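Numbering (UniProt numbering), first residue to last: 1 to 500.
Spelled out as C-alpha cells, the structure:
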C-alpha cells in the first residue's frame, strides 16, 4: 500500500469549553450549571503536550477525537461503542483519553490516521492508505458493515462497496448514515435511506409490522447518484442531510429539507444531489470554497471568504423555527470578514477570521446554549444571537475549531498568551517547593511550573540549567520523559503482526 500524499500540517494544543459531565450532558434532569461546565476555553491538561493536527466532533456527538502529528488518535467523552470504555459506563474521561494507534489495528509501519467523522452513536477513522475504520451503532448499516443489533464494538475496517484499490480521503457521519469521499472525487453512502439522505434516488419507505414505517438500508456503501462527471473535493453532513463541493466551486445538497436546511427555498426532501443556485455564479470567486452542516442548517464559505447560511440556526426571530432561512443568506455582523475556518455544533456556530495583516479573531454565536460551549466566559452569558468575539482567545493563534453537541474544542498554536489560559482540571496535586532543591527563595527567585503537572522548578536547578524563566509553555523533565516513553511504546507496537 502506498500512503496518500501528505503535506506537513500545522499543529497546536487542544482547548476545551462546555459540558464535560459526559454521562449527563443533554439529560433533562441535569443541572443547568455544574462544576464540570467550562464557560471559557481551557487548556486540556491531559494532552497539553501533544502536538495535535486534527480535532473532530459534531453537532450530535457527546464525545470528541484528537489526532496528533504521528497519526495517533485520542478519544474522550460518551463513547459510541461501550467496549471502548469498558467498566466506565460508556464514558472516557478527558483526563485519561483512550489512545488508538495505527499499529493497534495492525496497519503497516508508517501508517497514520489522517481524519475521521463522529455521529451521534457511531464514528469513523480514515488512514493514510485510504482505509476506513468504524465502530459504534450499526443497526441500520450506517458504518458500511453488515447490520448488527449490538453494534460494532471494536474498530473494524470498511472494505467493501467500492472497487478494489479505492482510497477514501474523507468521511462524514449523520445520525443514521455515513458518506465516504474517494480520491477520485466520488461519494459512497451507507445506512438508512430515510429522507433521501443516501442520495441514491429512493427512500424505500413502506409500512412494516405494527404499522411502523421503515426505509431501505444500504450496506456495503453505494455510489451516490447524480454527480457523474463531477469531481467532488469536500463533503459535509448534518443529522439528516448533506452537502458536497466540487472542484469548480459548485455546491450540491440532498436529504431531509425540514426548516429549508438545504437552501433550496422549500422544504421538499431531495433524494439525489441537487445543485444550489446561489453558488453557480459565472464569477468563480462567488462560488463555494468550504462547506459544513449543523443539525438543522447548512453553511457555505465562498471563495471571497464570505459566510452564507441556510435553514434554522436559532430559536427566535429570523433564522428560527418559524422563520428559517429558505435560501443562503449572509449575516450582516460577519460582513466584510474573511472566514478561514468555521464549525457548527448542536446549537453553536463558530468562525475564525483573518484580516489583511494576518490578525485572527475567533467568533461565536448561538441560542439555547446550556453548558458554556460558546466559550463567552462567566460574565459573557451562555447564549447570543450576535456573532461575538471570544475575548479570552485574543492574542492566541487559533487554527481550528470543532463544535460538538455540548462542548467545543479549539486548536491553538503555542505562544505566551496561550500559556495564560486556565487549565482543565484547574488544580492537580503538586509540590509547594522546587522539586530539586526544596528551597523557598522568595519572590526574587520564584520557581516556574510545568504546564502539565504544575510541579515547580527553579531554572538554575535544571540540567542543564536555564538562565531565566522561558516565555510561553514549558514542560518539566518528568513530563518530557513520560512523553518520550509514550512515543517509544507507540513505536514498539509496530513490532507486532502487521496488516498486508
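We put the beta carbon where it would ideally sit given N, CA and C, even for glycine.
As the structure is a prediction and not an experimental result, all values here were calculated from the model.
Pairwise C-alpha distance: residue j and residue i
i	j	result
residue 60	residue 221	22 Å
residue 172	residue 249	19 Å
residue 29	residue 108	47 Å
residue 50	residue 267	45 Å
residue 2	residue 166	Any answer about residue 2 is weak, because its pLDDT of 45 lies below 50 and its placement is not dependable; what the coordinates show is given next. Cα-Cα distance, rounded: 12 Å.
residue 374	residue 42	12 Å
residue 119	residue 443	51 Å
residue 487	residue 102	13 Å
residue 497	residue 130	Unreliable positioning characterises residue 497 in this predicted model, as indicated by a pLDDT of 48, which lies under 50. A coordinate reading is not provided.
residue 4	residue 168	Caution applies to residue 4, whose pLDDT of 48 falls short of 50 and renders its modelled position unreliable; the value that the coordinates give is listed next. About 10 Å.
residue 86	residue 478	29 Å
residue 18	residue 426	15 Å
residue 296	residue 48	33 Å
residue 290	residue 243	10 Å
residue 44	residue 66	11 Å
residue 276	residue 46	43 Å
residue 23	residue 90	8 Å
residue 194	residue 492	45 Å
Under the three-state DSSP convention, the category residue i falls into
i	result
residue 259	helix
residue 231	coil
residue 198	coil
residue 82	helix
residue 301	strand
residue 403	strand
residue 347	coil
residue 218	strand
residue 120	coil
residue 279	helix
residue 533	Residue 533 is absent from the structure shown; the chain starts at 1 and stops at 500.
residue 240	coil
residue 293	strand
residue 477	helix
residue 71	coil
residue 193	coil
residue 493	helix
residue 286	helix
Minimum C-alpha distance to residue i - residue among the options
i	options	result
residue 98	80, 111 and 114	80
residue 247	378, 288 and 276	288
residue 27	384, 405 and 412	405
residue 282	303, 295 and 290	303
residue 198	176, 343 and 314	176
residue 494	393, 72 and 466	72
residue 401	20, 48, 34 and 55	55
residue 225	397, 310 and 272	272
residue 155	368, 161, 83 and 58	83
residue 64	162, 123 and 38	123
residue 415	161, 136, 474 and 9	474
residue 58	321, 408 and 450	408
residue 388	334, 437 and 436	334
residue 331	341, 459 and 318	318
Contact check, residue i vs residue j, beta carbons under 9 Å
i	j	result
residue 187	residue 114	no
residue 376	residue 40	yes
residue 366	residue 353	no
residue 15	residue 370	no
residue 312	residue 260	yes
residue 179	residue 143	no
residue 278	residue 241	no
residue 170	residue 126	yes
residue 431	residue 455	yes
residue 140	residue 217	yes
residue 237	residue 185	no
residue 328	residue 263	yes
residue 424	residue 38	yes
residue 345	residue 254	no
residue 191	residue 150	no
residue 62	residue 74	no
residue 417	residue 399	no
Which residues DSSP lists as bridging residue i, in chain order
i	result
residue 145	DSSP, once it has assigned bridges, lists no residue as partnering residue 145.
residue 341	352
residue 457	448
residue 170	181
residue 37	19
residue 466	For residue 466, which the question treats as bridged, DSSP gives no partner whatsoever.
residue 361	353
residue 126	115 and 132
residue 150	For residue 150, which the question treats as bridged, DSSP gives no partner whatsoever.
residue 274	253
residue 310	298
residue 424	44
9 Å Cβ cutoff, residue i in contact with chain C
i	result
residue 300	The structure shown contains no chain C; it holds only a single protein chain.
Contact test: residue i Cβ vs the ligand FAD heavy atom, cutoff 8 Å
i	result
residue 380	Questions concerning the ligand FAD fall outside what the structure shown contains, since it holds no ligand whatsoever.
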